[in-house]
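*Asks:* Residues 42 to 375 in this note's numbering are what the sequence shown spells out, letter by letter.
Think of the CB as a built atom: it goes at the ideal place given N, C-alpha and C, for glycine as much as any other residue.
On a predicted model such as this, the values are computed, not experimentally measured, just so you know.
If you scroll down you'll find the structure; I have some questions about it.
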Amino acid sequence: MRKDVFTGRWVIMADTAVVRPSDFHFTRFVRETTFCPFCETNEASTPAEVFAIRTRGSSANRPGWSVRVVPNVAPRLRIEGDLGRRAEGFHDVMNGVGAHEIIVETPRHDCSLHELEVHEISNVIRAYVARLVDLEGDKRMRYVLIFKNHGEQAGAHTISHSISQLMGLAVTPRSVKTKLMVARDYFATKERCLYCDVLQQELKERKRVIAENEDFLAFAPFASRFPFEMAVFPKAHNSAFSRISPGQVEGLARILRDTLRKLDHTLGGPPYNLSLQDRPFLRPRAGYWNTIEDDFHWHLEVLPQIVRISGFEWASGFFYNPVPPEVAARCLNP
Ligand SMILES: [Zn+2]
Ligand SMILES: [Zn+2]
42 MRKDVFTGRW VIMADTAVVR PSDFHFTRFV RETTFCPFCE TNEASTPAEV FAIRTRGSSA
102 NRPGWSVRVV PNVAPRLRIE GDLGRRAEGF HDVMNGVGAH EIIVETPRHD CSLHELEVHE
162 ISNVIRAYVA RLVDLEGDKR MRYVLIFKNH GEQAGAHTIS HSISQLMGLA VTPRSVKTKL
222 MVARDYFATK ERCLYCDVLQ QELKERKRVI AENEDFLAFA PFASRFPFEM AVFPKAHNSA
282 FSRISPGQVE GLARILRDTL RKLDHTLGGP PYNLSLQDRP FLRPRAGYWN TIEDDFHWHL
342 EVLPQIVRIS GFEWASGFFY NPVPPEVAAR CLNP
């Protein structure tokens with residue numbers, strides 16, 4: 042069993058040195074070709090865009106864009122109204138206030154994120170940053186979750202166009218909070234960033250490295266929950282994704298493209314979930330996150346959905362991973 046240093050979660054790791062990627066091979070998912078509101082020229086079928094990167098001379102809600110952000114037509118949370126935090130007897134409730142947006146990564150229907158050019162993926166990253174910075178101005182928001190479901194088993198069954206989603210939340214998700222608390226406690230005793238320490242060790246050992254460039258490292262985490270799980274860390278310490286430099290945007294686009302292509306190539310296009318693990322917005326709260334700028338380090342998680350979560354995982358909170366990360370890294374870099 043291996044303990045995840047970032048969350049304290051235990052993972053039962055298969056004791057195997059060899060894995061045939063073909064045992065986990067997937068049939069690439071087929072995109073629906075019925076009418077798609079996210080394709081170029083269908084801009085009128087979505088709510089008005091809140092952000093876009095466009096060619097000079099093109100106008101809003103018309104063709105001529107590289108990335109386009111629109112509100113979700115069936116949002117899980119609504120942007121209007123106040124939070125209305127209150128008690129219902131013993132229980133706490135609040136209004137479902139928040140943002141739910143769709144980031145359309147490409148005007149083309151037949152392309153996945155990893156099939157885009159580096160400059161196109163860079164535009165997707167710029168769109169993430171622009172939306173984060175904008176939503177930080179909304180005092181009701183405490184956290185912005187950016188994630189992506191690729192493939193049917195990963196939850197993309199109703200939309201086959203390549204998109205990311207964004208949810209602006211009035212509360213920090215539990216899973217992020219756990220990481221924040223672990224990082225804060227580590228910093229309190231060592232006065233060092235836990236993520237920087239792990240990064241240095243991964244670079245030294247090089248047993249789990251999947252890809253690397255000047256600004257980023259992609260590796261299979263020591264206590265990976267899922268086969269072929271990947272983490273992407275910026276090499277320079279930074280708690281907030283929105284402070285990424287223009288040079289780093291391109292580096293991130295390159296490493297994301299490299300790692301997702303390796304996954305696609307090795308396993309035949311498995312479904313995956315990608316998420317940005319960022320710090321919350323720094324709203325003044327007494328006694329909270331005083332050292333967050335130093336103790337937390339933003340990163341990306343890529344979780345391939347190759348094995349099903351069973352009753353064991355739901356009931357215990359432990360995961361069983363049939364592919365040790367050292368083996369996964371070797372499979373991805375044959
Ligand atoms: Zn489409
Ligand atoms: Zn760090």
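1. Any heavy atom of ligand 2 closer than 7 Å to the Cβ of Pro77?
2. Within the same chain, show all residues whose beta-carbon is closer than 6 Å to that of Arg320, passing over the 5 residues directly before and after it, in chain order.
3. To the nearest angstrom, report how far apart Thr68 and Val368 are at their CA atoms.
4. Are Gln194 and Pro312 close, meaning C-beta to C-beta below 8 Å?
5. Hey, quick one: how far does the alpha helix (DSSP H) through Lys220 stretch, first residue to last?
6. Rounded to whole angstroms, what's the CA-CA distance from Thr147 to Thr96? Just pull it up for me.
7. Hey, would you say Val114 sits closer than 8 Å to Ala93, going by beta carbons?
8. Please work out which residues of its chain come closer than 6 Å, Cβ to Cβ, to Ser86, disregarding the five sequence neighbours upstream and downstream, and give them in chain order.
9. Excluding sequence positions up to five away, which residues of its chain have a Cβ less than 8 Å from the Cβ of Phe267?
10. Is Cys152 near ligand 1, in the sense that its beta carbon is under 7 Å from a heavy atom of that ligand?
11. For Ala377, which beta-bridge partners are listed by DSSP?
12. Using the three-state DSSP reduction, which class does Gln241 fall into: helix, strand or coil?
13. Applying the criterion that 16 or more other CB atoms from any shown protein chain within 10 Å of the CB defines a buried residue, is Met271 buried or exposed?
*Replies:* Considering the structure as presented:
1. As a working mapping, residue 77 is identified with position 36 in the sequence shown. Correcting the residue identity first, residue 77 is Cys in this sequence and not Pro. No, the Cβ of Cys77 stays beyond 7 Å of every heavy atom of ligand 2.
2. Locating residue 320 in the sequence shown gives position 279, where the first residue counts as 1. Cβ within range, chain order: Ser280, Ala281, Ile333 and Phe337.
3. As a working note, residue 68 is residue 27 in the sequence shown. As a working note, residue 368 is residue 327 in the sequence shown. Using only the alpha carbons, I get a separation of about 22 Å.
4. On the sequence shown, residue 194 is found 153 positions in, with the first residue counted as 1. On the sequence shown, residue 312 is found 271 positions in, with the first residue counted as 1. Yes, Cβ-Cβ distance for Gln194 and Pro312 is below 8 Å.
5. For the purposes of this step, residue 220 is identified with residue 179 of the sequence shown, where counting begins at 1. Lys220 -> alpha helix (DSSP H) spans Arg215 to Lys231.
6. Taking the sequence shown and counting its residues from 1, one reaches residue 147 at position 106. Taking the sequence shown and counting its residues from 1, one reaches residue 96 at position 55. Roughly 13 Å between the two C-alpha positions.
7. Position 73 of the sequence shown holds residue 114. Position 52 of the sequence shown holds residue 93. Contact flag unset, no.
8. The residue you call residue 86 lines up with position 45 of the sequence shown. Around Ser86: Pro78.
9. The sequence position of residue 267 within the sequence shown is 226, counting from 1. Result list for Phe267: Leu344, Pro345, Gln346, Ile347, Val348, Phe360 and Asn362, in chain order.
10. For the purposes of this step, residue 152 is taken as residue 111 along the sequence shown, with counting starting at 1. No - ligand 1 has no heavy atom lying nearer than 7 Å to the Cβ of Cys152.
11. Summary: the structure shown does not reach residue 377, with the chain confined to residues 42 through 375, and so no result is reported for it.
12. Locating residue 241 in the sequence shown gives position 200, where the first residue counts as 1. In the structure shown, Gln241 sits in a helix (DSSP, three-state: H, G or I).
13. The residue you call residue 271 lines up with position 230 of the sequence shown. Flag for Met271 reads buried.
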